[in-house]
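Colleague: Line by line, the protein sequences are chains R and V.
Residues in the first sequence are numbered consecutively from 1, following the UniProt record's numbering.
Residues in the second sequence are numbered consecutively from 1, following the UniProt record's numbering.
Even for Gly, the Cβ is constructed at its ideal location relative to N, Cα and C.
Number of protein chains: 2
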Amino acid sequence: MTADARPAAPALTERQEARRRRILHASAQLASRGGFEAVQMREVAEAAGVALGTLYRYFPSKIHLLVATMQDQLQHLHTTLRKRPPAGDDAAQRVAETLMRAFRALQREPHLADAMVRALTFADRSVSPEVDTVSRLTTAIILDAMGLEHPTPEQLSAVRVIEHTWHSALITWLSGRASIAQVKIDIETVCRLIDLTANPDGD
Amino acid sequence: MTADARPAAPALTERQEARRRRILHASAQLASRGGFEAVQMREVAEAAGVALGTLYRYFPSKIHLLVATMQDQLQHLHTTLRKRPPAGDDAAQRVAETLMRAFRALQREPHLADAMVRALTFADRSVSPEVDTVSRLTTAIILDAMGLEHPTPEQLSAVRVIEHTWHSALITWLSGRASIAQVKIDIETVCRLIDLTANPDGD
DNA sequence: CGCTAATCTAGAACAAGTTTCAGACTTGCT
DNA sequence: AGCAAGTCTGAAACTTGTTCTAGATTAGCG
Chain R
1 MTADARPAAP ALTERQEARR RRILHASAQL ASRGGFEAVQ MREVAEAAGV
51 ALGTLYRYFP SKIHLLVATM QDQLQHLHTT LRKRPPAGDD AAQRVAETLM
101 RAFRALQREP HLADAMVRAL TFADRSVSPE VDTVSRLTTA IILDAMGLEH
151 PTPEQLSAVR VIEHTWHSAL ITWLSGRASI AQVKIDIETV CRLIDLTANP
201 DGD
Chain V
1 MTADARPAAP ALTERQEARR RRILHASAQL ASRGGFEAVQ MREVAEAAGV
51 ALGTLYRYFP SKIHLLVATM QDQLQHLHTT LRKRPPAGDD AAQRVAETLM
101 RAFRALQREP HLADAMVRAL TFADRSVSPE VDTVSRLTTA IILDAMGLEH
151 PTPEQLSAVR VIEHTWHSAL ITWLSGRASI AQVKIDIETV CRLIDLTANP
201 DGD
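(1) For residue 133 of chain R, tell me which candidate among R:75, R:31, R:81, R:54 has the shortest Cα-Cα distance.
(2) With burial defined as no fewer than 16 other Cβ atoms inside 10 Å of the residue's Cβ, what is the status of residue 37 of chain R: buried or exposed?
(3) Listed from N- to C-terminal order along the chain, which residues in the stretch 161-188 of chain R have their beta-carbon within a distance smaller than 7 Å of any beta-carbon of chain V?
(4) So with CB distances below 8 Å, who are the chain R contacts of residue 44 of chain V?
(5) Following a CB-centred definition, is residue 138 of chain R positioned closer than 7 Å to any heavy atom of the ligand NAD?
(6) So with Cβ pairs under 8 Å, would you call residue 121 of chain V a contact of chain R?
(7) Check each residue of the stretch 124-144 of chain V: if its Cβ is closer than 8 Å to any Cβ of chain R, include it; give the result in chain order.
(8) By a C-beta neighbour count over all protein chains shown, 10 Å radius and 16 as the cutoff for buried, is residue 185 of chain R buried or exposed?
(9) Can you give me the start and stop residues for the alpha helix (DSSP H) that residue 61 of chain R sits inside?
(10) When you compare the stretch 101-116 of chain V with the stretch 106-122 of chain R, are there three or more beta-carbon pairs, one atom per stretch, that lie closer than 8 Å?
(11) Alpha carbon to alpha carbon, what distance is there between residue 149 of chain R and residue 31 of chain V?
(12) Among the residues of its own chain, which have a CB less than 6 Å from the CB of residue 98 of chain R, if the five just before and after it don't count?
(13) Which residues in the same chain as residue 131 of chain R place their Cβ atom closer than 8 Å to its Cβ, once the five residues preceding and following it in sequence are excluded?
(14) Taking only beta-carbon atoms, is residue 67 of chain R less than 8 Å away from chain V?
(15) What did DSSP end up calling residue 196 of chain R once you bin it into helix, strand or coil?
(16) Can you name, in chain order, every residue of its own chain whose Cβ lies under 7 Å from the Cβ of residue 35 of chain R, other than the five neighbours on each side?
(17) Taking residue 158 of chain R as the query, report the chain V residues whose CB atoms sit under 7 Å from its CB, ordered along the chain.
(18) Nearest-angstrom Cα distance between residue 84 of chain V and residue 54 of chain R?
(19) Which term fits residue 27 of chain V, buried or exposed, when burial requires 16 or more other beta carbons within 10 angstroms of its beta carbon?
(20) Between the beta-carbon of residue 15 of chain R and the beta-carbon of residue 128 of chain V, is there less than 8 Å?
(21) Does the separation of the CB atoms of residue 102 of chain R and residue 194 of chain R fall below 8 Å?
(22) For residue 201 of chain V, which residues in the same chain have their Cβ closer than 8 Å to its Cβ, ignoring the five residues on either side in sequence?
(23) Quick test of your reading: residue 215 of chain V and residue 162 of chain V, contact by CB under 8 Å. State the CB separation rounded to the nearest angstrom.
(24) Figure out for me which residue from R:174, R:188, R:159 has the closest Cα to the Cα of residue 189 of chain V.
(25) Mind checking residue 19 of chain V: buried by the 16 CB within 10 Å criterion, or exposed?
(26) How is residue 32 of chain R classed by DSSP in three states: helix, strand or coil?
(27) Whole angstroms is fine: what's the gap from residue 153 of chain V's alpha carbon to residue 196 of chain V's?
(28) Note down, in chain order, every chain V residue with its Cβ under 7 Å from the Cβ of residue 196 of chain R.
(29) Rounded to the nearest angstrom, what separates residue 64 of chain R and residue 126 of chain V at their Cα positions?
(30) Let me know the secondary structure DSSP gives residue 86 of chain V once reduced to three states.
(31) If residue 12 of chain V and residue 71 of chain V are in contact, beta carbons under 8 Å, what's the gap, nearest whole angstrom?
(32) What are the start and end residues of the alpha helix (DSSP H) that includes residue 105 of chain V?
(33) How is residue 149 of chain R classed by DSSP in three states: helix, strand or coil?
(34) Go ahead and pull the three-state DSSP assignment for residue 124 of chain V.
(35) Spell out whether any CB of chain V is found under 8 Å from the CB atom of residue 15 of chain R.
(36) Counting contacts by CB-CB distance shorter than 8 Å, is residue 118 of chain R in contact with chain V?
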């Protein structure tokens, strides 16, 4: 039921699993207070009751830690969304509604959003697998909203562009260069691409 | 002719202007070698023949420095593009061609691209004015390619989404999660939005 | 139980961004 | 020229992410 996307991870003991949870919790807590800079590795370690070296054994860098935190939050969101799916008439509306719902969730914890999104876009190649997991989760959420079983390549392209817009629009909002209304418009604009691929006469 | 977008800057002397140029040059040079991490403030200062404190007086943080470097490069690109404008039949084609040309320029200096784009997306509120300048430059380049004097609000929205996609696609390419071909597809996909707003029957 | 390997802890040490400061140099002005 | 204000230099200090080490603890196993 809950997807356990960690094939190479060598099965943690119970205490280790508990440590991992404490670390992620401390990370999210600190991030909620003061965003990216407030997540300081020494503080995370102390709040989680774990030595600094141990923290680094579990998450090899601050970026890894925050991307894992994002994975965690996205899982929650995905579960929540599945319980109450969007109710729009066509796919574009449902996707836009879903993303706006996610956006409102982020608005409730803007500092946490800041920490997670900044980490995600700052991540270099060493974090690619983890970032990819986040990306696949996002894709799954959007495809769910579209209600598609077997999307065409064109539709997958549209979804990719929607994800691009989603991430980048979040960044402009977080850095205070775009209003909430502007983000809404951008999301609605990009979702029109879905209509374009639904009736494949645009070519 | 050359837009001097620095209204609050109190007019540098000749030697100061020269220092500023040396710093930006050193920054681009180091970035071309090893990307974001290779741009180390002490090294930039030394390469530019300037004290560390002076470097920080000109650019209050590494992020400011790299965003300014990007402004610089974009100016060049804009000038170059104006000399040889894209030759496509419709606006969408011309924009896609322009962005792919810019993309190829970045491919020639992938490390430099890495440093600039990472700085741009990692920038927090304290860098908003500078990031905004970069954004306006990008918008100008895209509008040039579209060949529009007075874009409608809808068209401006499409341009915003194109910019989002452009930035985010660059990031996925730089972090090795998307191929060059994939970036091309994403750009072409999002450029279809232009057609949508050109013939306003899609609503 | 007792052994061995792995893990965890506390803390020092290192790296790079940023700040600070005393003194030397420039600039603008009279 | 001579002074006042601002700027630049060199170097040290401080911050926070990251690495390293020696010793304590835990887990798995005969």
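Modeller: Here's the rundown:
(1) R:75
(2) exposed
(3) So the close ones are 161, 164, 165, 167, 168, 169, 171, 175, 176, 177, 185, 186.
(4) By Cβ distance, chain R contributes nothing, its closest Cβ being about 20 Å from residue 44 of chain V, past 8 Å.
(5) With respect to the ligand NAD, the structure shown offers nothing to examine, as it has no ligands at all.
(6) yes
(7) 124, 125, 127, 128, 131, 132, 135
(8) That one is buried.
(9) No alpha helix (DSSP H) holds residue 61 of chain R; DSSP gives it neither H nor E.
(10) no
(11) C-alpha of residue 31 of chain V to C-alpha of residue 149 of chain R: approximately 44 Å in a straight line.
(12) 86, 145
(13) 67, 120, 123
(14) no
(15) helix
(16) 111, 114, 115
(17) 189
(18) 57 Å
(19) buried
(20) Their beta carbons are not under 8 Å apart, which means residue 15 of chain R does not touch residue 128 of chain V by this criterion.
(21) The beta carbons of residue 102 of chain R and residue 194 of chain R sit no closer together than 8 Å.
(22) Residue confidence is low: residue 201 of chain V scores 45 on pLDDT, short of 50, so the model does not pin down where it sits. Its coordinate-derived value is still stated next. So no residue of the chain qualifies.
(23) With chain V represented from 1 up to 203, any question about residue 215 of chain V goes unanswered, as that position is not in the structure.
(24) Taking only the C-alpha atoms, the option nearest residue 189 of chain V is R:159.
(25) buried
(26) helix
(27) 13 Å
(28) 192, 196
(29) 25 Å
(30) Residue 86 of chain V falls in the coil class under three-state DSSP.
(31) Contact flag wrong, Cβ pair sits at about 16 Å.
(32) Counting along the chain, residue 105 of chain V sits inside the alpha helix (DSSP H) bounded by residues 91-108.
(33) coil
(34) coil
(35) no
(36) yes
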